[in-house]
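What follows is one structure encoded as structure tokens, with my remarks underneath.
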């Protein structure tokens, strides 16, 4: 069985120390992290007949929303998609 370089580095790191990836000074290269808050975003998942989960949207889940007395105009996962695309473009 073959191991990835990350797995090999993890196995070779001394106990209590994090494995490092090759940087200029041998320091671990960390990708910058970002937290995005979509205030008042009504996102909810629903379990489908197939057993998987999907974000509720007004086009595909109208009957389910009416059954649970939810306003379909509030469920807009396309807004989430647009924001994620904008973040990835920046």
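Residue numbers (the numbering used here): -10 to 79. No residue lacks a Cβ here, since even glycine has one placed at the ideal position from N, Cα and C. Predicted model, so just to flag it, every value in this text is computed and none were measured.
Assign residue i to buried or exposed, taking buried as 16 or more other Cβ atoms, counted over all protein chains shown, within 10 Å of its Cβ.
| i | result |
| --- | --- |
| residue 42 | exposed |
| residue 74 | exposed |
| residue 57 | exposed |
| residue 66 | buried |
| residue 54 | buried |
Since residue i is in the alpha helix (DSSP H), which residue starts that stretch and which ends it?
| i | result |
| --- | --- |
| residue 71 | 66 to 78 |
| residue 53 | 51 to 56 |
On a Cα-Cα basis, can you pick out the residue from the options that is closest to residue i?
| i | options | result |
| --- | --- | --- |
| residue 71 | 27, 21, 19 | 27 |
| residue 36 | 25, 24, 49 | 49 |
| residue 45 | 64, 19, 79 | 64 |
Just to check my reading of the structure: residue i and residue j have Cβ atoms closer than 8 angstroms, yes? What is that Cβ distance to the nearest angstrom?
| i | j | result |
| --- | --- | --- |
| residue 30 | residue 69 | 7 angstroms |
Can you name the start and end residues of the beta strand (DSSP E) that residue i belongs to?
| i | result |
| --- | --- |
| residue 92 | One cannot answer for residue 92 here, as it falls past the ends of the chain, which runs -10 to 79. |
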